[in-house]
Structures are given as C-alpha cells and as structure tokens.
RNA sequence: GCCUUGGUGGCGGAAUUGGUAGACGCGCUGGAUUCAAAAUCCAGUUCUUUCGGGAGUGUGGGUUCGAUUCCCACCCAAGGUACCA
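Residue numbers (my numbering): 3 to 959.
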C-alpha cells in the first residue's frame with residue numbers, strides 16, 4: 003500500500019462530492035430533517051484565515067454525523083455580500099463593488115472547497131444578488147404594510163387599522179406607535195386629507211420614516227456610528243461631527259421587545275448571549291408619573307401654560323415623597339419654555355455645550371456632576387409642593403421620557419447631584435442613615451415621611467402609590483424598555499435599495515411584481531455635492547409609476563424651491579423620485595436562513611412546502627459578536643414573519659453555539675535600540691531593545707527564525723545583523739488577536755498543501771473546546787497529521803477475520819465516546835479518542851474488516867477525505883457519507899476485574915487488581931491484608947474503611 | 001461599577017452524576033535506525049525528595065471518608081455593557 007497521499011486523496015473526493023451532488027438536500031424526504039447552519043461570511047479581500055473555518059468545521063462534523071444517523075440534512079452556505087469594505091475600495095479605486103465582491107467570493111469559494119465541507123452549494127445565496135434582495139425588499143414592504151396590535155399581541159395588516167380608524171378613530175386602538183400620535187375620532191379620520199391619513203398611518207407602520215438624531219459628519223457626507231467617532235471627531239480623517247436630525251427609515255422593533263425577551267426562554271442559546279440580549283432590551287418595571295409645571299410670575303418665557311406637564315419614568319415610585327427636584331435632559335423640549343429670564347443665559351450655554359459632546363462622550367464621563375437650574379418649578383402630585391426643575395446631562399434624552407424625578411436619598415446619581423448643588427436631601431427611609439450616600443436597597447426598604455406610604459415595604463408601597471397615581475390621574479404602572487427602534491437607512495451605495503418612491507413627500511411602495519428594484523449605476527460612490535447619499539449621483543433613478551419602471555432623472559421636472567433647485571414630484575405625470583438611502587448590513591442577513599430552504603424560488607420568498615418541511619434551524623453556529631445585532635434583528639423579523647403566517651416557528655434557531663476566537667501567536671524580534679542589530683530572546687536582557695513583530699511564517703516549530711527569509715521579507719531587514727544564541731535566532735511569542743498588523747495571520751491554504759484538509763480539520767477541533775478562545779500554533783498540527791498516517795497504516799492489511807475481544811473493546815469504547823462527544827459538541831475530546839483507538843488497534847495488530855469498517859465511519863465526519871478513501875479500499879463503491887453510524891454495544895466493555903485505587907485519607911497510594919464481583923467485605927479484607935496497606939498505616943488501626951465496589955477504596959486513619 | 005465566561009505541567013488541553021489529577025497531542029531529554037538529515041520507532045517528561053516518600057488544579061476558608069468538581073469570601077484574565085431613572 004502506498005503512503006498517505008493526502009493531496010491526491012483530497013482532490014479526488016472533493017471532485018467526487020461535487021460531481022455526484024453527494025450533499026444535495028431534498029425538500030421532501032421520509033427521513034427526519036436536520037438543518038445545520040453556520041453564519042455566512044462577509045467575503046473580505048483578505049480571504050479566510052484559520053480562525054474562520056472553526057465554526058464551519060464544527061457544523062460540518064455535526065451535519066455529516068446526522069447524515070450517518072439517517073437524517074435528511076440541510077447544510078447550506080452563502081455570502082453576506084453587501085458591505086462597507088467593498089464600497090470603501092470602490093471610493094478609492096473606482097472599481098465597482100460588485101466586481102470586488104465577485105472576486106472575493108471566488109477566493110472564498112476556492113478556500114472553502116479545499117476544506118472538504120459538505121455544503122449544498124446549489125442553495126448558495128448572496129445578499130447582493132438582485133434575485134435574493136428582491137425578497138429583502140419584499141419583507142420591507144410587508145413591514146410597511148403592517149402595524150402592531152397590542153390587543154392581539156401581533157402584527158396585523160394595515161388595512162385592519164384603517165378599518166378601525168374609519169369606524170371609531172384611534173381612541174380604542176392599542177398599538178405600538180410614535181409617541182406624538184394624536185387622538186382622533188372616526189369623523190376626524192374621514193375628514194383628513196389623503197396625505198394626513200398617510201402621515202398618521204406612518205406613525206403605526208412597522209417600518210416608518212422618522213426624524214432621527216444621528217452623528218453627521220459634513221466632511222465625509224455620511225452618518226457615523228458611535229464607535230466611528232473618537233473625541234468628537236471622525237475616526238477617519240478627524241473631521242468634526244455634529245448631532246443632526248435626519249429623516250430616516252426605522253424599524254419598530256420595540257413593538258416586539260417583550261416577545262423578544264420571552265422567546266429567550268424557549269431557545270437553547272448560550273447564557274452569555276441571552277444575557278446580553280436581555281440587557282440590550284433592558285426591561286424595567288416602574289411607573290410613569292406626570293408633574294404639572296407651575297407658571298411662575300415674572301417669567302419672560304410666559305409660554306408656560308397651565309397644561310404643561312413633565313412626564314417621568316421611575317422604577318421607584320415608592321420613593322416619590324423623597325423627590326426634591328427634577329432633572330431634564332438638556333435636549334428636553336420643555337427646557338426653553340420653562341427657563342426664566344435670570345437663568346436663560348446659563349441654561350443656553352449649558353445646552354449648547356452638551357450638544358457639542360457626543361452621546362458616547364457624555365456616557366464615558368460618569369464622574370463629573372454638572373447641571374443648571376432652569377428657574378422653573380413643577381408641582382409634586384401628592385404634596386403639591388413646588389419642585390425645582392434642573393437640567394443635567396446625566397439624564398439622557400433618548401431613554402425613557404428624557405426626564406427624571408430626582409430622589410437623592412434613594413439614587414446615588416441624584417444624591418451626588420443634590421450634594422453638588424446644595425439641594426435638600428429629604429430622608430424617606432425608616433432607620434437608614436443617608437448622610438454619606440444614597441440608600442438603594444429595595445429588599446430592606448421601609449418607607450417613612452411619606453404620608454400614606456409610611457411603614458410600607460418597597461413592594462407594597464409601589465403597588466399603593468401606583469393605585470393612588472391612577473386615582474388622581476397623575477400616572478400609571480409602566481414597563482419601560484431600553485431597546486430603541488432601529489434606524490434602517492444608510493447613506494451608502496453598496497446595499498439594498500429601498501423599493502420606495504415619493505409622491506408629494508409621502509413614501510409609496512413599488513408593487514411586488516416589479517421587484518427587485520435594482521441598484522443603479524453611479525459614477526462616484528461618494529455623497530453628492532449637496533450632501534445626498536451616493537444614489538443621488540445616479541442619473542437613472544426615478545420611478546415611472548404608470549409603466550412601473552426606473553427611468554432617467556430627466557423625466558423629473560426641476561423646480562425652484564427655497565432658492566435652490568429641487569425635484570418636483572408633480573411633474574411629468576407619474577414620474578417620481580426614488581429613495582436615495584440603502585438598507586443597512588443586517589437587512590440581508592435577517593431572513594437568509596429561511597431563504598436557503600428554497601433559494602431559487604422567484605415566485606415567493608420560499609414555498610410553503612419548503613418551510614413546512616424544514617421548519618427551522620436545528621443548529622446554528624457563529625460568533626458571539628453578533629449577539630445584539632444580527633441575532634436580535636433576525637429574531638424580530640422571524641416573529642414578524644410568524645405573525646404574518648409565513649413561517650411556522652417564531653424562533654428560527656433552536657440551538658445556537660458561539661465558537662470561540664482563534665488568537666494568533668505573534669513572533670517578536672528584539673532590536674537593539676538605535677541599531678539595526680537584532681538579538682535572540684535569551685540574550686535580550688543584556689541590551690536595551692525594542693520589540694518588533696515579524697511574520698509568523700518565518701518561524702519554525704522551535705521558535706527559530708529563518709533569517710534569510712526575513713531579509714527578503716521586508717527591506718528594513720535586508721542589512722540587519724543578528725546576535726544569535728547557540729547559532730540560532732529564537733523569537734519571543736505573544737498571543738493576540740489574529741490580525742494583519744501583527745503579522746500573525748495564518749492562512750489555511752498553505753496548511754492544506756503541507757498537511758491536508760483532514761489534518762487541518764482535526765487540528766482545529768483538537769485545539770480545545772469549541773466555545774473557548776484559544777491560541778493558534780501551527781507547530782502542533784504534526785500530532786494530528788501523524789495520527790492520520792497511523793490510521794492510514796492500520797488499513798494496509800484488511801482481512802475478513804473475526805475481531806478479538808480487545809479489538810471490539812477498543813472499537814466500542816470509541817463509538818460510545820465519539821457519539822457522546824458529538825452530541826455534546828465536544829469535538830476536541832473525540833480527536834484524542836481516535837488517537838487512543840488507533841494506537842490500541844495498531845498495538846493489537848488489528849486487521850479485521852469488522853473493526854476497520856465502523857472505524858472509518860466514526861472518523862468520517864472529522865476527516866472525510868481519508869475516510870472515503872479507506873471506505874473505498876474496504877470494497878465499497880458508494881460514498882461513505884450515507885453509511886449508517888456504528889451502534890454501540892455495552893457487552894464489549896464488560897470487565898471481570900477492576901484495578902482498584904487504594905487511597906488513604908483521599909490520596910491514592912497504590913492500586914490493587916480485584917474481581918468486580920467481589921463483595922464489600924471481601925474487598926476490605928483483601929485491602930487491609932495487603933502489605934502496602936500495612937506500610938501506609940505503620941501500625942495504626944484504620945478508623946474507617948470506605949468501599950465503593952467498582953470504584954474506589956478509601957482508608958481513613 | 002455591573003453581567004458573563006474562565007484560571008489545571010514549558011504549551012494546547014483531559015478528568016461526563018464528588019471517587020486514580022495531568023488522558024491525548026505539542027515541545028523537550030535520552031536511545032534505535034541512517035554515511036548524514038528528514039521521516040519513523042522506543043523510553044522518559046507536574047514539582048520536590050535523604051528515593052521511603054511528600055506536596056500539588058488562582059488565593060483563603062468550609063462541607064465530605066474523599067473536592068479540579070459543591071458552598072462562602074477574595075485575586076487575576078478575557079468578552080459584553082454602562083450616568084437606563
């Protein structure tokens with residue numbers, strides 16, 4: 003038999019699988035279904051590094067295992083191919099993002115193919131493919147045409163809302179809607195103009211237009227995310243950033259806050275991930291309380307009206323009698339109104355200063371207490387005492403109502419504020435000292451100095467005060483969520499276009515049959531000179547609503563408006579401007595898992611048969627960095643789809659696993675300061691040195707640097723001198739994130755060439771538990787590689803002989819362990835188990851087909867190429883992929899004797915072989931009679947002897 | 001600060017319901033084979049030791065015949081989150 007030629011074997015079977023469609027999944031089968039999914043990648047220009055396939059390998063092992071177990075397995079792969087890097091590249095080079103993306107996908111595909119995954123490539127999706135994003139646009143339209151009915155607790159068609167409005171107005175409607183939605187009767191509704199009706203409906207739709215405050219960078223012409231801003235200026239370029247209101251599409255995800263929270267109990271997802279979603283949603287129970295603003299004599303801003311109120315949300319309504327002031331966010335709409343003449347200058351200055359700070363800045367600076375008194379007062383709803391109104395930037399406009407009733411004795415922030423500005427701190431807790439800090443322990447709270455709440459606990463007082471508030475019409479129990487509606491517009495080119503055009507400023511959806519609305523070509527990928535998004539550069543970007551097609555912008559009449567030229571939507575009979583924003587990155591990934599079920603369907607997003615058969619994802623593996631992004635938005639869309647009766651499950655992934663990060667092991671060289679001399683690590687302490695990273699690929703297993711290759715690597719090393727130890731240059735090692743800047747990125751390609759995909763797959767699993775992050779060190783791969791060579795050797799002779807008892811024991815031990823491991827996603831321990839098994843069978847000189855055949859199947863999910871080759875060698879003509887998983891039989895593991903560990907006070911001191919059927923007393927006698935026992939005891943009499951038959955003997959004394 | 005996860009040899013890690021700590025692999029040491037190297041094979045490899053043994057799973061306590069495993073307090077690291085009313 004030839005040696006293990008993995009290159010030939012792997013190429014052979016990869017070709018075989020592709021040609022035979024081995025992993026093509028059918029949408030109907032008598033076999034039970036199993037849907038295994040890995041998060042699809044963004045195809046970046048850098049290609050895959052060894053960290054990427056970790057999750058894919060795990061999913062692949064599980065998929066292959068399930069196939070052996072008789073399941074009809076769906077295991078698809080695709081690309082999240084809209085995104086910023088391709089657009090950034092286009093801005094720099096002018097190359098169309100579609101071309102960049104296509105090239106990157108090609109490279110990804112080549113790399114993935116080399117790793118031997120059992121993907122059903124016939125089902126590949128790409129979010130940037132019009133045939134795919136047609137359905138992203140379609141879902142957007144579904145959301146637009148829906149509202150959330152809190153009575154039925156689900157999304158309903160907007161038509162049902164209109165019907166209610168026509169019949170009874172909105173008084174009895176309980177819906178998730180904008181805060182500023184006015185009340186109207188049926189008569190009002192029917193009297194509204196069509197445009198007004200549209201405006202009102204927009205306040206209810208699940209996707210809607212709203213003025214949202216964003217971080218606008220005028221120099222870059224785009225909105226920046228919080229983490230793209232550093233110290234108030236853009237991270238790229240250092241341009242100033244301002245807070246600006248922009249009209250943007252939003253997703254009413256808040257409607258689903260409670261259901262997103264409740265759903266977490268039903269799914270088997272990692273606890274940390276559930277926790278971060280729970281925190282993100284941020285449910286808090288409390289009450290909303292309304293304070294009337296007191297008109298003050300001598301207020302220049304006599305705008306204050308009797309009816310002006312401040313609504314606050316509090317989780318501690320029980321402490322309402324301790325409220326000694328109120329604090330509004332500087333942005334609060336009432337600030338200007340209630341500020342008195344004396345305070346105006348100070349307040350204005352404060353408001354302006356706050357506006358300059360980014361939200362992130364404000365939040366990072368927790369220590370500084372700052373605020374200004376407005377001069378205004380509110381009336382305490384119970385005591386009717388005036389309560390001074392302050393503004394302070396510790397109150398965030400975006401949370402709750404942007405106003406708090408400050409109870410300094412019970413809240414540390416309020417306490418600090420009150421201390422700083424000498425505001426009284428009334429104590430409303432019984433027997434508690436608040437001279438040093440606030441008292442916030444709910445559990446031991448006893449209310450005092452609080453009228454009808456005196457003597458009550460937190461719980462009772464809360465209940466009572468809410469009832470009283472409701473009675474006097476000053477508040478009610480309320481649940482508040484931190485979760486905010488998600489902004490869905492991006493001022494970018496490379497994303498899904500909205501299927502939206504505007505008539506008289508009101509958004510209109512393009513009819514389903516004319517989708518997809520394809521991304522237009524543009525000359526430049528930057529914002530326009532007038533600050534419009536890149537799509538504003540398109541010359542062919544207007545909607546002809548009569549012929550239902552995109553037409554040239556020239557069809558739109560230009561009119562003068564407010565002194566500058568604007569598109570007039572009334573012109574040219576039925577030609578209207580199209581939306582210029584595009585959808586965000588998470589749009590395409592929010593339903594891709596369902597689309598895989600029926601990816602070539604152009605009639606519907608997926609057929610009822612397909613979704614009816616596959617139902618949901620059984621196993622989803624991906625990175626934890628998506629915890630509060632993709633994994634929350636996709637749950638939201640799924641619940642919406644469920645409400646619409648489009649999917650049978652309201653949670654799409656039953657089980658989810660986060661694979662850990664693979665960190666890189668950087669190589670460090672030490673340059674003697676001010677010279678071009680490099681000193682080996684063992685000698686570095688004798689010099690003053692700087693640490694520099696060099697390419698890890700220049701270093702061998704023993705941390706020895708290949709100096710000649712280093713000289714070629716970068717010009718700065720060409721003339722370098724090296725101070726060696728024992729004739730070698732030894733580098734230092736540093737474990738850090740795998741990244742180009744540390745030169746520690748390891749590509750799978752070279753490893754596949756040198757050791758093969760099976761070695762790489764095994765090694766990635768062998769590194770450690772799937773969920774944990776662990777350092778990569780290519781050196782260790784020789785261990786699994788030589789295991790594969792030993793495995794190969796084991797099949798040199800194959801005979802039809804009866805297996806020995808030892809053979810069977812080795813095999814069945816392995817079956818049991820490997821099966822348990824796969825079920826528990828403990829793939830690292832399986833690899834050890836295989837090694838042990840092969841070592842044992844080799845020692846036993848096993849050649850029995852009855853052992854080697856099932857062993858090949860066991861190995862096949864992990865190292866599929868070699869398994870196929872061995873399977874063929876065993877005489878099979880069909881792929882091993884569908885071979886039945888071996889069945890574990892206990893009888894082969896039954897032992898007749900046990901090597902008992904004999905411990906003294908819990909410490910094992912020696913071992914003693916005894917029959918397993920020996921009784922407790924006999925064991926005790928045998929152990930006590932043993933000479934080593936006597937030596938241990940040194941004449942003492944044991945106080946106690948614990949015998950656990952089949953396990954252990956412990957002697958106390 | 002809060003939440004979560006983790007802390008075991010030189011390194012990655014194992015120990016499934018409390019029962020032989022360090023499986024398996026890397027690296028290292030010695031040996032065989034070889035003209036030599038690679039590859040392969042064999043032996044050893046937690047620390048300590050007066051070679052009998054003793055200590056040992058981040059630290060300190062506790063429960064137990066027995067604790068890496070359970071409980072309490074603390075320390076450290078990684079990730080998430082943060083003036084959330």
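Glycine is no exception: its CB is placed at the ideal position from the N, C-alpha and C atoms.
- Message: Taking the alpha-carbon of residue 502 as reference, which of 145, 625, 442 and 323 has the nearest alpha-carbon?
- Response: Here residue 502 is taken as the residue at index 500 of the first chain, counted from 1. Closest option to residue 502, Cα to Cα, is 145.
Item checked: Three-state secondary structure (DSSP) of residue 784 -> Sequence index remark: in the first chain, residue 784 carries index 782 (1-based). Here residue 784 sits in helix by DSSP.
- Pick out whichever of 356, 91, 483 and 184 has its Cα sitting closest to the Cα of residue 280. The residue you call residue 280 lines up with position 278 of the first chain. It is 483.
ask   = How is residue 6 classed by DSSP in three states: helix, strand or coil?
value = The residue labelled residue 6 in the question sits at position 4 within the first chain. If DSSP states are grouped into helix, strand and coil, residue 6 belongs with coil.
Quick check: residue 861 and residue 916, are their CB atoms within less than 8 Å of each other? The residue given as residue 861 occupies position 859 in the first chain. The residue given as residue 916 occupies position 914 in the first chain. Against a cut-off of 8 Å, the Cβ pair of residue 916 and residue 861 comes out as no contact.
Would a C-beta distance cut-off of 8 Å place residue 95 and residue 529 closer than the cut-off? By one-based count along the first chain, residue 95 stands at place 93. By one-based count along the first chain, residue 529 stands at place 527. Not a contact, by the Cβ cut-off of 8 Å.
(request) Report the residue from 131, 69, 113 and 614 whose alpha carbon sits nearest the alpha carbon of residue 602. (result) As a working mapping, residue 602 is identified with position 600 in the first chain. That would be 131, whose Cα lies nearest to the Cα of residue 602.
Less than 8 Å between the beta carbons of residue 496 and residue 84, yes or no? Within the first chain, the letter at position 494 stands for residue 496. Within the first chain, the letter at position 82 stands for residue 84. In contact: residue 496 and residue 84 (Cβ atoms closer than 8 Å).
Going by DSSP, what residue range makes up the beta strand (DSSP E) through residue 249?
Locating residue 249 in the first chain gives position 247, counting from the first residue. 244-253 is the extent of the beta strand (DSSP E) around residue 249.
Worksheet item: Which residues share a DSSP beta bridge with residue 224?
Response: For the purposes of this step, residue 224 is identified with residue 222 of the first chain, where counting begins at 1. DSSP, once it has assigned bridges, lists 219 as partnering residue 224.
inquiry  = Using the Cβ count rule (16 or more neighbours within 10 Å means buried), how would you classify residue 290?
reply    = As a first step, residue 290 is located in the first chain; it is residue number 288 there, counting from the start. Classification of residue 290: buried, given that the 10 Å Cβ count is 16 or more.
Pairwise C-alpha distance: residue 772 and residue 43: For the purposes of this step, residue 43 is taken as the residue at position 41 of the first chain. For the purposes of this step, residue 772 is taken as the residue at position 770 of the first chain. Cα to Cα, the separation comes out at about 18 Å.
Within 10 Å of its beta-carbon, does residue 927 have 16 or more other beta-carbons around it, so buried, or fewer, so exposed? What you label residue 927 is simply residue 925 of the first chain in a count that begins at 1. Flag for residue 927 reads exposed.
- prompt: What is the rounded straight-line gap between the Cα of residue 532 and the Cα of residue 538?
  reply: The sequence position of residue 532 within the first chain is 530, counting from 1. The sequence position of residue 538 within the first chain is 536, counting from 1. Straight-line Cα distance between these residues: approximately 9 Å.
key: Ordered list of alpha helix (DSSP H) runs contained in the region 668-706, each at least 4 residues   = none
Within the same chain, show all residues whose beta-carbon is closer than 7 Å to that of residue 147, passing over the 5 residues directly before and after it, in chain order.
-> What you label residue 147 is simply residue 145 of the first chain in a count that begins at 1. Excluding positions up to five away in sequence, the list reads 159 and 160.
Residues of its chain near residue 441, where Cβ-Cβ distance is below 7 Å and the 5 sequence neighbours each way are ignored: Taking the first chain and counting its residues from 1, one reaches residue 441 at position 439. Contacts found: 411, 412, 431 and 434.
- Secondary structure at residue 91, three-state DSSP: helix, strand or coil? Along the first chain, one-based indexing puts residue 91 at 89. The answer is helix: DSSP assigns residue 91 an H, G or I state.
| message | Tell me which residues share the same chain as residue 67 and place their Cβ nearer than 6 Å to its Cβ, disregarding the 5 neighbours each side in the sequence. | response | To locate residue 67, count along the first chain from 1; it is residue 65. Short of 6 Å from the beta carbon of residue 67, and not among the five residues preceding or following it, lie these beta carbons of its own chain, in chain order: 824 and 863.
Bridge partners - residue 437, DSSP secondary structure assignment | Residue numbering aside, residue 437 sits at position 435 when the first chain is read from its first letter. Its beta-bridge partners do not exist; DSSP assigns none.
Original post:
In chain order, what residues of the same chain lie with their CB nearer than 6 Å to the CB of residue 902, ignoring the 5 residues before and after it?
Top reply: Counted from its first residue, the first chain places residue 902 at position 900. Around residue 902, the same chain offers 914, 916 and 955 as residues with beta carbons nearer than 6 Å, after the five sequence neighbours per side are excluded.
- Can you tell me which of the three DSSP states residue 211 falls into? For the purposes of this step, residue 211 is taken as residue 209 along the first chain, with counting starting at 1. Strand.
Kindly indicate which three-state DSSP category residue 588 falls into: helix, strand or coil? Counted from its first residue, the first chain places residue 588 at position 586. Looking at residue 588 - three-state DSSP - the assignment turns out to be coil, as it is neither helix nor strand.
So, with DSSP's three-state summary, where would you put residue 933? The count along the first chain starts at 1 and reaches residue 933 at position 931. Of the three classes helix, strand and coil, the one that applies to residue 933 here is helix, per DSSP.
What do you get for residue 249, buried or exposed, if any count of 16 or more other CB atoms within 10 angstroms of its CB means buried?
Numbered from its first residue, the first chain carries residue 249 at position 247. Burial call: exposed.
- Item | Classification of residue 579 by the beta-carbon crowding that lies within 10 angstroms, buried from 16 upward | As a position in the first chain, residue 579 is number 577, starting the count at 1. Label assigned to residue 579: buried.
How is residue 14 classed by DSSP in three states: helix, strand or coil?
Position 12 of the first chain, counted from the start, is the residue given in the question as residue 14. If DSSP states are grouped into helix, strand and coil, residue 14 belongs with the helices.
- Are the beta-carbon atoms of residue 612 and residue 29 separated by less than 8 Å? For the purposes of this step, residue 612 is taken as residue 610 along the first chain, with counting starting at 1. For the purposes of this step, residue 29 is taken as residue 27 along the first chain, with counting starting at 1. Yes, the pair counts as a contact, with Cβ atoms nearer than the cut-off.
Problem set entry | Three CB pairs or more closer than 8 Å across the region 762-781 and the region 657-676 | With a cut-off of 8 Å, the region 657-676 and the region 762-781 count as touching, because enough Cβ pairs lie within range.
Note to self: Taking the straight line between their C-alpha atoms, what separation do you get for residue 785 and residue 855?
What the structure shows: Translated into positions along the first chain, residue 785 becomes position 783. Translated into positions along the first chain, residue 855 becomes position 853. Cα to Cα, the separation comes out at about 24 Å.
Quiz prompt | Collapsed DSSP secondary structure at residue 172 in the structure displayed | solution = The residue labelled residue 172 in the question sits at position 170 within the first chain. In the displayed model, residue 172 falls within coil according to three-state DSSP, outside both helix and strand.
Tell me, which residues are paired with residue 900 by DSSP?
As a first step, residue 900 is located in the first chain; it is residue number 898 there, counting from the start. Per DSSP, 916.
Q: Within the same chain, show all residues whose beta-carbon is closer than 8 Å to that of residue 345, passing over the 5 residues directly before and after it, in chain order.
A: Position 343 of the first chain, counting from 1, holds the residue named residue 345. These residues qualify, in order along the chain: 374, 375, 376 and 377.
ask   = Could you check where the alpha helix (DSSP H) with residue 821 kicks off and where it finishes?
value = By 1-based counting over the first chain, the position of residue 821 is 819. It spans 807-825 - the alpha helix (DSSP H) in which residue 821 sits, taken as one unbroken run.
**Asked** Leaving out the 5 sequence neighbours to the left and right, which residues in its chain are closer than 6 Å to residue 566 when beta-carbon positions are compared?
**Response** On the first chain, residue 566 is found 564 positions in, with the first residue counted as 1. Interpretation of residue 566 is limited by its pLDDT of 45, a score under 50 that renders its predicted location unreliable; the figure taken from the coordinates is listed afterwards. For residue 566, where only same-chain residues beyond five positions count, there are no Cβ hits under 6 Å.
Does the beta-carbon of residue 950 have 16 or more other beta-carbons within 10 angstroms, so that it is buried, or is it exposed? Position 948 of the first chain holds residue 950. Looking at its Cβ environment, which holds fewer than 16 other Cβ atoms inside 10 Å, residue 950 is exposed.
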